[in-house]
Structures are given as structure tokens and as C-alpha cells.
Amino acid sequence: MPDKDPFSTKQPAFETKELRASLKKFMATEFQDDVSGTTARIGSFGWGVYAFYDYDGEPIYVGQTKEQVSGRVGRHLTGQRSDAVAKSILDPLEVKDIEVWPLPQYQGVTKKKNPSEYKEAAEHLDALEYAVHQNLIAKSRFGEILNEKNPPKPKKPIIPLKSIRGRIVSDRVLEIRSHPDFRIFRRAAVISRLSQGIAERDVKVGLRRVLLVQAKRLQWLAEQRYQALGGDTSVEIGHEENDGDKD
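Using our numbering, you'd call the opening residue of the sequence shown number -7 and step up by one each time.
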């Protein structure tokens, strides 16, 4: 029996399929609210803050959502209408872990049905995003993350409470993506696209900061790889090739 025509497949690419499965599994993880004692899937919460981490555990992006966490995060990582991805601020293939800080006390609150409670929830959400943003910057070896904008400082600062963190790549994908040479290539490619976008448009300073942070991250990664292979002591001795030379 002849092999099936590969061009007729309706299955997504391997890594895309694995990502969707791993993301779905993470979003199905149960989270218990310590205040009410209720338990719900992390992806079902409608208010919360999320953060992405790369393969070194480095925090790279923070966001907030007033819709289901699964939908908001999914748009980032599956390429469905995400400004951060469209502008090459965030590379979905660099995300290994996700951390979510849900606000279960505001579940079901909407601007139309609960205007006063909605205002309170929005202020709480903004304060939580600011706190998470500041905490992750403090934990970053670069002192920066890849957000284009800084969240506004809240009137009433809060301390981030309970969160849940999990890996969203399978073992098979981890083996492929975690190789340092692949990661250097991916990061350089993102920088190329980002710098092209900056050159072709009138952009805000925040996007230029993202480019600077990405350049620092690429330099660090390339240096780690270089030093791990021996650094200067392992560089070959000899003359550069010149095809124009004659014997």
C-alpha cells in the first residue's frame, strides 16, 4: 500500500501539536483558592497575571488578563493575535514555563453587570501585575524583561500571593529546543526580525529597550556556550583561509 501523501495531512506540525497538548495539560491543572476553599482549573480563571520563563528559568514576559487565562495565554503561544509575538517581542519557542497568579475572588465579574466591583477588580489586577513585574525584574540576571511598556505604579501596592507554575513543553520538544546552538539561532533570528521592524516603522522607545535586552540575552547565551567549550584556550591556531593565495 503506498504511503499517504504528506501534503494531504491535516495534522499540525510536530512541535505545534506538542505545544497545544502540553499547554492544555497545564491549563487543566487544578488550583485551590485558600480563601474560599474552592478548586478550579487554572485556565478557567477570568482574572489574573501570568509570566513566561525561558529555558534558563529567566523571566521574560509578564501580562494580565480579564478573560480566561487559557485563552489569553493561548493567543501568545499559538500565534493567534498577539501583539507581543507579532512585533517579535516574544518568541513562543523560548517559553518553557508559565506561572499564573489568579484572582478567583473576581470570577464572573464584568464591567456591565458589576461596575463598582469591576473597578475594584481592575485596580487589584493592575497592582498585582506591577508587583509581579517588579519581582521578576529583581530576579532577572539582566535586570530587565521583554515587556515593551512598564505597568503603572499602583496607589495601593500589594504582595503577590499564591501562584502556580508549570512546564509547557514535552520531553521530546525539550530535547530539541534546549540545545544551546538552537537557542542561539532562535534568539538571533528574533533579534533580526525585531530590528527590521524597528527600522521600517516609527516605534516607541520601549521597543528599542526590548531590542537592547534581547541583545544582552543573546550575548550572555553565546558567551556561556563559548566558555563551556573552552573559550580562548580552545581557539584553533593557524592562518585564515584566503582562496586568492597561490602556492
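For every residue, glycine included, the Cβ atom is placed at its ideal position computed from N, Cα and C.
None of these values were measured; they are calculated from a predicted model.
- The closest CA to that of Tyr110, considering only Lys58, Gln219 and Glu228, is found on Lys58.
- Taken through DSSP and simplified to helix, strand or coil, Gly222 comes out as coil.
- Nearest C-alpha to Arg159 among Asp75, Asp48, Gly135 and Ala119: Asp48.
- Taking C-beta separations shorter than 7 Å and ignoring five residues to either side along the sequence, the partners of Ser187 in its chain run Leu203, following chain order.
- Following the DSSP letters along the chain, one finds Val92 inside the beta strand (DSSP E) bounded by residues Asp89 to Pro94.
- Annotation for Leu221: no residue places its beta carbon closer than 8 Å to its own, counting only its chain and skipping 5 residues before and after.
- DSSP lists Glu22 as the beta-bridge partner residues of Arg33.
- Contact check for Pro84 against Leu95 fails: the beta carbons are separated by 7 Å or more.
- In terms of Cα proximity to Ser36, the closest of Tyr53, Ile52, Gly55 and Ser62 is Ser62.
- When DSSP states are grouped into helix, strand and coil, Gln56 belongs to the strand group.
- The beta carbon of Phe18 sits closer than 6 Å to the beta carbons of Gly158 and Ile160 from its chain, once the five residues preceding and following it are set aside; these are given in chain order.
- Using a Cβ-Cβ distance cut-off of 8 Å, the region 207 to 222 and the region 146 to 154 are not in contact, since fewer than three pairs of beta carbons, one from each stretch, lie closer than that value.
- For Ile156, no alpha helix (DSSP H) run applies; the uninterrupted beta strand (DSSP E) run containing it begins and ends at Ile156 to Arg159, by DSSP.
- In the assembly as shown, His231 is an exposed residue. Its beta-carbon has fewer than 16 other beta-carbons within 10 Å.
- Shortest Cα-Cα distance from Val165 to any of Glu7, Leu120 and Gln216 involves Glu7.
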